[in-house]
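First to last, the protein sequences are chains Z and D.
Under UniProt numbering, the first residue of the first sequence is numbered 1, with each subsequent residue one higher.
Under UniProt numbering, the first residue of the second sequence is numbered 1, with each subsequent residue one higher.
2 protein chains.
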Amino acid sequence: MQTVRKDIHNSEVPVLCQSCEARHQGICGALNAQQLLALSKTTRRVRKDAGDELMADAMPIASFANVLRGVIKLTKVLEDGRQQVVGLQFAPDLLGRPFAAESRVSAEAASEVDLCVIPKPALESIMKESAPLEHRVMMQALRELDEARDWMVTLGRKSASEKVASFLYLIATHIDPTVEQPETSFDLPLSRADIADFLGLTIETVSRQISKLKADNVIEILNYRHVTVPDLARLRLRCG
Amino acid sequence: MQTVRKDIHNSEVPVLCQSCEARHQGICGALNAQQLLALSKTTRRVRKDAGDELMADAMPIASFANVLRGVIKLTKVLEDGRQQVVGLQFAPDLLGRPFAAESRVSAEAASEVDLCVIPKPALESIMKESAPLEHRVMMQALRELDEARDWMVTLGRKSASEKVASFLYLIATHIDPTVEQPETSFDLPLSRADIADFLGLTIETVSRQISKLKADNVIEILNYRHVTVPDLARLRLRCG
DNA sequence: CGATAAGTTGATCGCAGTCAAACCGCGTGG
DNA sequence: CCACGCGGTTTGACTGCGATCAACTTATCG
Numbered sequence: 001m002q003t004v005r006k007d008i009h010n011s012e013v014p015v016l017c018q019s020c021e022a023r024h025q026g027i028c029g030a031l032n033a034q035q036l037l038a039l040s041k042t043t044r045r046v047r048k049d050a051g052d053e054l055m056a057d058a059m060p061i062a063s064f065a066n067v068l069r070g071v072i073k074l075t076k077v078l079e080d081g082r083q084q085v086v087g088l089q090f091a092p093d094l095l096g097r098p099f100a101a102e103s104r105v106s107a108e109a110a111s112e113v114d115l116c117v118i119p120k121p122a123l124e125s126i127m128k129e130s131a132p133l134e135h136r137v138m139m140q141a142l143r144e145l146d147e148a149r150d151w152m153v154t155l156g157r158k159s160a161s162e163k164v165a166s167f168l169y170l171i172a173t174h175i176d177p178t179v180e181q182p183e184t185s186f187d188l189p190l191s192r193a194d195i196a197d198f199l200g201l202t203i204e205t206v207s208r209q210i211s212k213l214k215a216d217n218v219i220e221i222l223n224y225r226h227v228t229v230p231d232l233a234r235l236r237l238r239c240g
Numbered sequence: 001m002q003t004v005r006k007d008i009h010n011s012e013v014p015v016l017c018q019s020c021e022a023r024h025q026g027i028c029g030a031l032n033a034q035q036l037l038a039l040s041k042t043t044r045r046v047r048k049d050a051g052d053e054l055m056a057d058a059m060p061i062a063s064f065a066n067v068l069r070g071v072i073k074l075t076k077v078l079e080d081g082r083q084q085v086v087g088l089q090f091a092p093d094l095l096g097r098p099f100a101a102e103s104r105v106s107a108e109a110a111s112e113v114d115l116c117v118i119p120k121p122a123l124e125s126i127m128k129e130s131a132p133l134e135h136r137v138m139m140q141a142l143r144e145l146d147e148a149r150d151w152m153v154t155l156g157r158k159s160a161s162e163k164v165a166s167f168l169y170l171i172a173t174h175i176d177p178t179v180e181q182p183e184t185s186f187d188l189p190l191s192r193a194d195i196a197d198f199l200g201l202t203i204e205t206v207s208r209q210i211s212k213l214k215a216d217n218v219i220e221i222l223n224y225r226h227v228t229v230p231d232l233a234r235l236r237l238r239c240g
């Protein structure tokens, strides 16, 4: 989050974290009015563009952020440059690793995102006082652990076509978690390269499998990014 | 943990959870004397053999358990039977998914293990009162999340030989986390089939890569299970 | 001993990676 | 307006790693 300072072109208007409060989402739902007011004095509303780095691996953590809109990708890289996306965060997730001096992943805005940035000391001091808040943070960690383990099955045991179908299914069910209709439509928040890094595949293989799903009428695609799924259940079948 | 009841042949002697208390390890280190005494009345010391099922996917959770000795493997299976090991637990980890009605993984003793079994209501009621305990549980969840994400890189981006080397390195550094000497020796807690399921490979590929490491003098093997690593740094180099 | 389970080794095949070329949308400047 | 270049994507031809199928070896135990 150390990039926040220098990115002057981004709007940094101090506001009350009303988005999360109003919707009782994210971590703010666990706070009372007084705590919320105290916290709101230290938070900053920040907009970041796709591709902006939010947190670097092995760098000290200066702040946390509530994701209000958009998608963030968490990545790890090997010495020789091989990259793996190890997690995606949607609203209203909390970005950042509590109780660690430095991050163990890199975080990057996958799409344009809105964040509610909270200084690390502010959040940790409130967390020490507020058991409900710490509980909420733990629940997110446990959910992320469940998701990571689900994804390990995909990475370790699924074929390329199942991996791509699983990714599309994940996005379809996460990007807009409203009522589950059989037909859905959405914009992919990730480039082919990012998808490949998420699935442990190459760009070319991802492209081929998407083309195959299109040929089999499981999905329709407009302008590379906009996906329509006529029947989610049929996509689900392709996930293995 | 519902198998605890019926497995009469296993010793179930009620004892104080002295192992974890004495070493200030695991969750018991977060409790005061009074809480520890109250908890010890409900806990049971249990020994399980390798291969015993401790928890089934999608089954209600009846209890938690502190791992005192041995290794537990957490697995997930696809409908068609493909299996993936999604985590390993060593002493003094806490086995079980807090704040969830049912488990999302299967747990099986990989080696002979000693457990300190705690009924779910007992632990959760103490956790509600004791913030340090909840904090300790959260720290474990965060650590498991870090480990899961590390492993996602291995699953998604490493070659077969790097995967096997990474597994051996993981075991070498986890089974006995004492002072780090260049030479180490240990027994593999997993069969070739389990290793394959952990790495997203087949048994044959695991066997071939182990043979290759042996041929290159990176490891020595006795009776399939006992491994000696003459130089941990050299094994580390093979991890990618 | 023989039976069985676990592990190793060999031969072959196919999926996904690699290398290369074409395609597409888009902004920029002539 | 079109020419041009550029990044992202698609498609094609070929290769190679790891899966598959099968035979064999080794350890264990009745």
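Where a beta carbon is used, it is the ideal one built from N, C-alpha and C, also for glycine.
Sheet register partners of residue i (DSSP bridge)
i: Z/A141; result: Its beta-bridge partners do not exist; DSSP assigns none.
i: D/Q84; result: D/K76
i: Z/E108; result: Z/E53, Z/K73
i: Z/C116; result: Z/R45, Z/N66
i: Z/Q89; result: Z/I72
i: D/L95; result: D/A65
i: D/E102; result: D/P60
is_contact[residue i, chain Z] using C-beta, thresh 8 Å
i: D/K76; result: yes
i: D/R5; result: Per-residue confidence for D/R5 stands at a pLDDT of 34, beneath the threshold of 50, marking its modelled position as unreliable; no derived number is given.
i: D/D146; result: yes
i: D/E134; result: yes
i: D/A131; result: yes
i: D/M55; result: no
Residue interval of the alpha helix (DSSP H) (run including residue i)
i: D/T173; result: 160-174
i: Z/V218; result: Here Z/V218 belongs to no alpha helix (DSSP H), and DSSP marks it neither H nor E.
i: D/A233; result: 232-237
i: D/Q35; result: 33-40
Endpoints, the beta strand (DSSP E) within which residue i is located
i: D/K193; result: Reading off the sequence shown, one finds Ala at residue 193 of chain D, where the question assumed Lys. Where D/A193 is concerned, there is no enclosing beta strand (DSSP E), although the alpha helix (DSSP H) it sits in stretches over 192-199.
i: D/S185; result: 184-187
i: residue 241 of chain D; result: There is no way to answer for residue 241 of chain D, as the model of chain D reaches only from 1 to 240.
Contact set between residue i and chain D, taken where Cβ atoms lie within less than 9 Å
i: Z/G240; result: L78, E79, D80, R82
Residue-chain proximity (residue i, chain D), Cβ-Cβ < 8 Å
i: Z/A22; result: Bear in mind that a pLDDT of 44 at Z/A22, under 50, signals an unreliable position, so the number given afterwards is only what the model happens to contain. Output row for Z/A22: interface = no.
i: Z/V105; result: yes
i: Z/R234; result: no
Chain-ordered chain Z contacts of residue i [CB-CB under 7 Å]
i: D/A141; result: M138, A141, L142, L145
Beta-carbon neighbours of residue i, restricted to chain Z and to distances below 8 Å
i: D/V117; result: Those within 8 Å of D/V117 in chain Z number zero; the least Cβ separation is about 21 Å.
i: D/G200; result: L155, G156, R157
Residue i: contacting residues in chain Z (beta-carbon distance under 9 Å)
i: D/F99; result: H135, M138, M139, L142
Interface residues of chain D facing residue i [CB-CB closer than 8 Å]
i: Z/G87; result: R149
i: Z/M152; result: K76, Q84, V86, A148, W151, M152, L155
heavy atom of the ligand HEM below 7 Å from residue i C-beta
i: D/E112; result: For the structure depicted, the ligand HEM is absent and the ligand set is empty, with no information on it obtainable.
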